[in-house]
Amino acid sequence: MTKKEKFKAIIAYFEQNMPEAQTELHYSNAFELLVAVILSAQCTDKRVNQITEKLFPAFPTPEAMASATPEEIFEYIKSCSYPNNKAKHLVGMAKMLLEEFNGEIPSDIKQLQKLPGVGRKTANVIASVVFDKPAMAVDTHVFRVAHRLGLVTNKAKTPLEVEKQLVRYIPKDKIAIAHHWLILHGRYVCLARRPKCDKCGLTQYCDYFKKNKGIV
């Protein structure tokens, strides 16, 4: 099976079995999603949703968050990972939105990365989810699943290298949803320590399964 055929088969599987894949973060606008994604670094979506349930009503706009202190934000987000840094990032992000972007979330990935707390992964999430751009955000789940399935080579040792290899073979109109397919598959089936291969519909295409089950 060629790489192109493998991608085509795996995409077809997800289209049939996960046609409505989307982020599990709760949000109602672009600003809320940006806040949630910044908080989600090294933290579960479930925990972030618990935090934002109280954070969003308290600081519903960039103006409200920009006028807060990191210490005030910290009290709402202290149960997530790295709360001190994230509190500073959120206040700084909100201030920059007002000062440089008129309070609007930019759609350009490079512009997004200027915001405090926003790396390439976060920028790609916003670009794909909010603006429906063909951007592939690579988190730990995407990184793991892409390698196990054999969608990327062993030379892809960084998220950026994985991203470049994935978008080479995924049709542009499928990249945004493919990000969610891979994340959700990694979160619920292809687990880091004990992947549920017995419940996976992709084993016939999976390099990890073939190697670990002695299949040549």
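One rule links them: number in the numbering used here = place in the sequence shown (from 1) + 1081.
Glycine included, C-beta positions come from ideal geometry on N, C-alpha and C.
Taking the C-alpha atoms as reference points, what is the distance between E1153 and L1283?
Position 72 of the sequence shown holds residue 1153. Position 202 of the sequence shown holds residue 1283. Roughly 46 Å between the two C-alpha positions.
Can you round the beta-carbon distance between F1112 and P1143 to whole angstroms, since I take them to be within the 8 Å contact cut?
Position 31 of the sequence shown, counting from 1, holds the residue named residue 1112. Position 62 of the sequence shown, counting from 1, holds the residue named residue 1143. Right, the Cβ-Cβ distance comes to about 6 Å (below 8 Å), so this counts as a contact.
Assuming contact is defined by CB atoms lying nearer than 9 Å, are E1244 and N1205 in contact in what I supplied?
What you label residue 1244 is simply residue 163 of the sequence shown in a count that begins at 1. What you label residue 1205 is simply residue 124 of the sequence shown in a count that begins at 1. It is a contact, given that the beta carbons lie within the stated cut-off.
Using the C-alpha atoms, what's the distance from S1160 back to K1127?
Against the sequence shown, residue 1127 aligns to sequence position 46. Against the sequence shown, residue 1160 aligns to sequence position 79. Cα-Cα distance, rounded: 12 Å.
Just to confirm, does P1138 get its C-beta within under 8 Å of one of the non-hydrogen atoms of the ligand MG?
With respect to the ligand MG, the structure shown offers nothing to examine, as it has no ligands at all.
If you measure between the beta carbons of H1266 and A1216, is that distance less than 9 Å?
Position 185 of the sequence shown, counting from 1, holds the residue named residue 1266. Position 135 of the sequence shown, counting from 1, holds the residue named residue 1216. No, they are not a contact pair.
Cutoff 6 Å; reference H1107; Cβ partners in own chain excluding five residues on either side
Position 26 of the sequence shown, counting from 1, holds the residue named residue 1107. Cβ within range, chain order: N1130.
How close, in whole Å, do the beta carbons of A1286 and L1247 come, if the pair is a contact with beta carbons under 8 Å?
Within the sequence shown, numbered from 1, the residue matching residue 1286 stands at position 205. Within the sequence shown, numbered from 1, the residue matching residue 1247 stands at position 166. First, the amino acid is wrong: residue 1286 is Tyr here, not Ala. Going by Cβ atoms, the distance from Y1286 to L1247 rounds to 15 Å, so no, they are not a contact pair.
So the candidates are E1105, Y1094, A1117, Q1123; which of them puts its Cα closest to the Cα of D1220?
Within the sequence shown, residue 1220 is the residue found at index 139, counting from 1. Looking at the Cα atoms, Q1123 is the closest of the given residues.
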